[in-house]
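Asks:
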Amino acid sequence: MDIEPRNVAQARDAASDDQFPHFEDFDATGDLGMPVADALSSLQAVHDVPVTVQAVLGRARIAIGALMQLKENAVIELDRRVGEPVDIFVNNRLIARGEVVLIDNALGVTLTEIVRQER
231 MDIEPRNVAQ ARDAASDDQF PHFEDFDATG DLGMPVADAL SSLQAVHDVP
281 VTVQAVLGRA RIAIGALMQL KENAVIELDR RVGEPVDIFV NNRLIARGEV
331 VLIDNALGVT LTEIVRQER
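Using our numbering, the letters of the sequence shown map in sequence onto residues 231 to 349.
1) Quick one: residues in its chain with C-beta nearer than 7 Å to the C-beta of D317, no 5 flanking neighbours on either side, listed in chain order?
2) Here's a check: name, in chain order, each residue in its chain whose Cβ is nearer than 8 Å to the Cβ of I292, leaving out the five neighbours to either side.
3) Tell me the DSSP bridge mates of Q284?
4) What is the DSSP secondary structure of I292, reduced to helix, strand or coil?
5) Who are the Cβ neighbours of P251 in its own chain at under 8 Å, not counting the five residues just before and after it?
6) So is V312 buried or exposed if we call it buried at 16+ other beta carbons inside 10 Å?
7) What are the boundary residues of the beta strand (DSSP E) that V339 is part of?
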């Protein structure tokens with residue numbers, strides 16, 4: 231079946247604007263089932279709640295006997311290599327990955343990837 235250009239234009243015109251919702255038809259409700267402005271103001275209440283943030287360089291599994299024999303200056307080999315991203319956990323939940331940086335003689339982490347988790 232060949233469609234000529236004028237038929238395509240006629241088909242487009244036939245699809246009236248009444249078929250499609252207008253932005254004005256939507257009230258500004260978010261995923262919480264309340265207006266977005268109300269949701270944002272209710273989130274203000276949690277802004278001062280402390281959370282635990284951890285930057286995990288890597289992990290290692292060793293036997294308790296080997297752990298008990300560790301002395302000062304001992305090296306524990308981790309499962310990551312130099313330059314690999316570190317995992318960022320908030321309250322024991324992986325939320326991002328990043329790279330270690332030096333900030334005024336202190337360690338920091340630059341976030342390079344946000345981890346999206348399915349709910």
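We put the beta carbon where it would ideally sit given N, CA and C, even for glycine.
Replies: On the basis of the supplied data:
1) By one-based count along the sequence shown, residue 317 stands at place 87. Contacts found: V286, L324 and R327.
2) Counting from 1 along the sequence shown, the entry for residue 292 is found at position 62. Within the same chain, I292 has close Cβ partners I306.
3) Residue 284 sits at position 54 when you count from the first residue of the sequence shown. According to DSSP, which records beta bridges pairwise, Q284 is partnered with F319.
4) Residue numbering aside, residue 292 sits at position 62 when the sequence shown is read from its first letter. Three-state result, I292: coil.
5) Position 21 of the sequence shown, counted from the start, is the residue given in the question as residue 251. Only weak support is given to the placement of P251: the predicted model assigns it a pLDDT of 46, under 50, and the value that follows is read from those uncertain coordinates. Contacts found: none.
6) Stepping through the sequence shown from its first residue, residue 312 is reached at position 82. Exposed, by the Cβ-count rule.
7) Counting from one through the sequence shown, the residue named residue 339 turns up at place 109. Looking at the DSSP string, the run of the beta strand (DSSP E) that includes V339 is A336 to I344.
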